[in-house]
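A.B. asks: Take this structure, written in structure tokens, and hold onto it; I'll ask about it next.
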Amino acid sequence: MEARDEFDLSEEDLFEHHSFTASKGQEPLRVDKFLMNFIENATRNKIQQAAKDGNVWVNGAIVKQNYKVKAGDHIRVMFAHPPHELLLTPENIPLDIVYEDEVLLVVNKPAGMVVHPGHGNYSGTLINALLYHIDNLPKNSNERPGLVHRIDKDTSGLLVVAKTEAAMTHLAKQFFDKTSEREYIALVWGNMEEDSGTIEGHIGRNPKNRLQMQVFPDGEQGKEAVTHYRVLERLGYVTLLSCKLETGRTHQIRVHLKHIGHTLFNDERYGGDRVLKGTTFTKYKQFVDNAFKILPRQALHAKTLGFVHPVSGKLLRFDSEVPEDMANCIEKWKQYAKNSQSE
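Quick note: the sequence shown, position 130, residue 130 per UniProt numbering, numbers continuous.
As structure tokens, then:
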């Protein structure tokens, strides 16, 4: 490792933006390539420039972009300014609020909106909008205002937001105790063999690609995850499902369904953005490409949300319509299935 001492800033003067430890099975890999697999929305040029500027550290020393990462290395990306996500700015962004009272609100998040600021998404998030709408939001254990749970950027649907510390604690306990109700609508590749079932398997970070999660069936890594599914409609090469979460892990439905061979339709991160089931006919591929254009994201919608109100003790249950892009895609597959049966 070649340390460089021409930079004036010491480690104490810098803010840590990213931190990773290379897994035991890590084969030697250039640090710029390694970081490409771990930092969302980062380009190789930006990573290389960060290395040139002395912002990439391995085991406490600055390294060049061609340093070879090996098993056990501790890699950090450090800058002189704090991470943008710590500088939360209220923004006047319209919210689709389906319910609100003194202690909480339920919002219907559109696909494409990031829930909280992070690398590459420092504005336009749900948190930015909430901070404009509500004063003094309580922070959760990850310092994120109001958030009891979250859904992915390209997943649409319902979220509950706490407006007081007491509501945050009460709601978080319901999610932890698995007493909340969360139903998602999903369109997946392939024809599900069973009409209903339960997927179990610990979920954790993919050690070779931190942007992905994966199932660890032996249970020695990751956290417990349980997903219940039910077939709503079989549409030939795809199936429409209802999925209910017993736990709430990152990418849980996406990862569990991929694990059993039914990747979400057009889920780019997990390989659902290509033809996984069906014929080799050009006409069919064109049909699928058109369906991708109609729904340019993973086919997942958080449809139903139920929980006990922290103050009144009443059971609240909210339901949201499947958004237009996903509804149109489903309808397109219904027509395809109908035409295929009549041929």
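Where is the CB? At the ideal position from N, CA and C, for every residue including glycine.
1. When DSSP labels each residue in this structure, what does residue 191 get in the three-state scheme?
2. Over the uninterrupted beta strand (DSSP E) stretch that includes residue 319, give me the two end residues.
3. Out of 325, 191, 196, which has the shortest C-alpha to C-alpha gap to residue 262?
4. According to DSSP, is residue 16 part of a helix, a strand, or is it coil?
5. Using a Cβ-Cβ cut-off of 6 Å (strictly less than) and excluding sequence neighbours within five positions of residue 35, which residues of its own chain qualify?
6. Return yes when the Cβ of residue 224 is within less than 8 Å of the Cβ of residue 247, no when it is not.
7. Output the boundary residues of the beta strand (DSSP E) element that contains residue 95.
8. Sort 98, 158, 89, 188 by Cα distance to residue 111 and report the nearest one.
9. Contact between the stretch 315-322 and the stretch 167-180 is defined here as three or more beta-carbon pairs at a separation below 8 Å; is this criterion met?
10. In this structure, what does DSSP give as the bridge partners for residue 302?
11. For residue 242, which residues does DSSP report across the bridge?
12. Taking 7 Å as the limit between beta carbons, can you name the residues of its chain near residue 332, skipping five residues before and five after?
13. Just to confirm before moving on: does the CB-CB distance between residue 88 and residue 138 stay below 8 Å?
14. Helix, strand or coil for residue 178, going by three-state DSSP, please let me know.
15. Taking C-beta to C-beta, are residue 189 and residue 265 nearer than 8 Å?
16. Just list the beta strand (DSSP E) runs in the UniProt domain "RNA-binding S4" (29-94), keeping only unbroken ones of 3 residues or longer that don't cross its boundaries, in chain order.
17. Tell me the rounded alpha-carbon separation between residue 9 and residue 54.
18. Which term fits residue 222, buried or exposed, when burial requires 16 or more other beta carbons within 10 angstroms of its beta carbon?
19. What residue from 117, 340, 198 has the CA that sits closest to residue 283's CA?
20. Could you tell me the boundaries of the alpha helix (DSSP H) in which residue 260 lies?
21. With distances taken Cα to Cα, identify the nearest neighbour of residue 203 among 16, 183, 257, 171.
22. Would you tell me roughly how many angstroms separate the C-alpha atoms of residue 117 and residue 153, rounded to the nearest one?
23. Mind checking residue 185: buried by the 16 CB within 10 Å criterion, or exposed?
24. Between residue 5 and residue 51, what straight-line distance do the alpha-carbon atoms span, to the nearest angstrom?
25. The alpha helix (DSSP H) with residue 287 in it runs from where to where?
26. Have a look at the DSSP bridge pairing and note the partners of residue 307.
27. Below 6 Å CB to CB, which residues in the same chain sit around residue 250 once its five sequence neighbours on both sides are set aside?
28. Quick test of your reading: residue 187 and residue 238, contact by CB under 8 Å. State the CB separation rounded to the nearest angstrom.
29. DSSP three-state call for residue 21: helix, strand or coil?
30. Which class does residue 115 belong to by DSSP, given the choice of helix, strand or coil?
31. If you draw a straight line from the alpha carbon of residue 307 to that of residue 101, how long is it in whole angstroms?
32. Could you check what DSSP says for residue 171 in three-state terms: helix, strand or coil?
33. Assuming residue 136 is part of the beta strand (DSSP E), what are its boundary residues?
34. Could you pull out every residue in the same chain whose Cβ sits closer than 7 Å to the Cβ of residue 3, ignoring the five residues on either side in sequence?
35. Spatial neighbours of residue 151 within its chain, please: CB distance less than 8 Å, with the 5 preceding and 5 following residues excluded, ordered by chain position.
36. Do residue 232 and residue 240 have their CB atoms nearer than 8 Å?
C.D. replies: If we stick to the structure as given:
1. The sequence position of residue 191 within the sequence shown is 191, counting from 1. Three-state DSSP puts residue 191 in coil, outside helix and strand.
2. Counted from its first residue, the sequence shown places residue 319 at position 319. Residue 319 -> beta strand (DSSP E) spans 315-319.
3. Working through the sequence shown from its first residue, we reach residue 262 at position 262. Among 325, 191, 196, the Cα nearest to that of residue 262 belongs to 191.
4. As a working mapping, residue 16 is identified with position 16 in the sequence shown. Here residue 16 sits in strand by DSSP.
5. Residue 35 sits at position 35 when you count from the first residue of the sequence shown. Answer for residue 35: 47, listed in chain order.
6. The sequence position of residue 247 within the sequence shown is 247, counting from 1. The sequence position of residue 224 within the sequence shown is 224, counting from 1. Yes, they are a contact pair.
7. As a working mapping, residue 95 is identified with position 95 in the sequence shown. That residue, residue 95, is in no beta strand (DSSP E); it is neither H nor E in DSSP.
8. Locating residue 111 in the sequence shown gives position 111, where the first residue counts as 1. The option with the nearest alpha carbon to residue 111 is 158.
9. no
10. Translated into the one-based positions of the sequence shown, residue 302 becomes position 302. Answer by DSSP bridge pairing, in chain order: 157, 184.
11. As a position in the sequence shown, residue 242 is number 242, starting the count at 1. According to DSSP, residue 242 bridges with 185, 230.
12. To locate residue 332, count along the sequence shown from 1; it is residue 332. So the list reads 291, 294, once near-sequence residues are dropped.
13. In the sequence shown, the residue the question calls residue 88 occupies position 88. In the sequence shown, the residue the question calls residue 138 occupies position 138. Result no, Cβ atoms of residue 88 and residue 138 do not sit closer than 8 Å.
14. Position 178 of the sequence shown holds residue 178. In this structure, residue 178 counts as coil in the three-state DSSP scheme.
15. Looking up residue 189 in the sequence shown gives position 189. Looking up residue 265 in the sequence shown gives position 265. Yes, these two residues count as a Cβ contact at 8 Å.
16. 56-58, 74-79
17. Translated into positions along the sequence shown, residue 9 becomes position 9. Translated into positions along the sequence shown, residue 54 becomes position 54. Legend: pLDDT at residue 9 = 44, less than 50; position of this residue unreliable, no value from coordinates given.
18. In the sequence shown, residue 222 corresponds to position 222, counting from 1. It is buried - the Cβ of residue 222 has at least 16 other Cβ atoms within 10 Å.
19. Counted from its first residue, the sequence shown places residue 283 at position 283. Nearest option by C-alpha distance: 340.
20. Reading the sequence shown from its first residue, position 260 is the one you call residue 260. Neither: residue 260 is in no alpha helix (DSSP H) and is coded neither H nor E.
21. Taking the first residue of the sequence shown as position 1, residue 203 is located at position 203. Here the closest residue by C-alpha is 257.
22. Within the sequence shown, the letter at position 117 stands for residue 117. Within the sequence shown, the letter at position 153 stands for residue 153. Straight-line Cα distance between these residues: approximately 11 Å.
23. As a position in the sequence shown, residue 185 is number 185, starting the count at 1. Buried.
24. In the sequence shown, residue 5 corresponds to position 5, counting from 1. In the sequence shown, residue 51 corresponds to position 51, counting from 1. Residue confidence is low: residue 5 scores 34 on pLDDT, short of 50, so the model does not pin down where it sits. Its coordinate-derived value is still stated next. C-alpha separation (whole angstroms): 13 Å.
25. To locate residue 287, count along the sequence shown from 1; it is residue 287. Start and end: 282-294.
26. Walking along the sequence shown from the start, residue 307 turns up at place 307. Answer by DSSP bridge pairing, in chain order: 316.
27. Against the sequence shown, residue 250 aligns to sequence position 250. Closer than 6 Å at the Cβ level, and outside the excluded window around residue 250, lie 213.
28. The sequence position of residue 187 within the sequence shown is 187, counting from 1. The sequence position of residue 238 within the sequence shown is 238, counting from 1. About 6 Å; that satisfies the 8 Å criterion.
29. Your numbering for residue 21 matches position 21 in the sequence shown. Residue 21: strand per DSSP, three-state reduction.
30. The residue given as residue 115 occupies position 115 in the sequence shown. Note: residue 115 maps to coil in three-state DSSP.
31. Locating residue 307 in the sequence shown gives position 307, counting from the first residue. Locating residue 101 in the sequence shown gives position 101, counting from the first residue. The straight-line gap from Cα to Cα measures roughly 15 Å.
32. The residue given as residue 171 occupies position 171 in the sequence shown. Note: residue 171 maps to helix in three-state DSSP.
33. Indexing the sequence shown from 1 puts residue 136 at position 136. Per DSSP, residue 136 belongs to no beta strand (DSSP E) and is neither H nor E.
34. Position 3 of the sequence shown holds residue 3. Only weak support is given to the placement of residue 3: the predicted model assigns it a pLDDT of 32, under 50, and the value that follows is read from those uncertain coordinates. Cβ neighbours of residue 3 beyond the five flanking positions: 61, 62.
35. In the sequence shown, residue 151 corresponds to position 151, counting from 1. Within the same chain, residue 151 has close Cβ partners 109, 115, 157, 159, 302.
36. Counting from 1 along the sequence shown, the entry for residue 232 is found at position 232. Counting from 1 along the sequence shown, the entry for residue 240 is found at position 240. Cβ distance < 8 Å, so residue 232 and residue 240 count as in contact.
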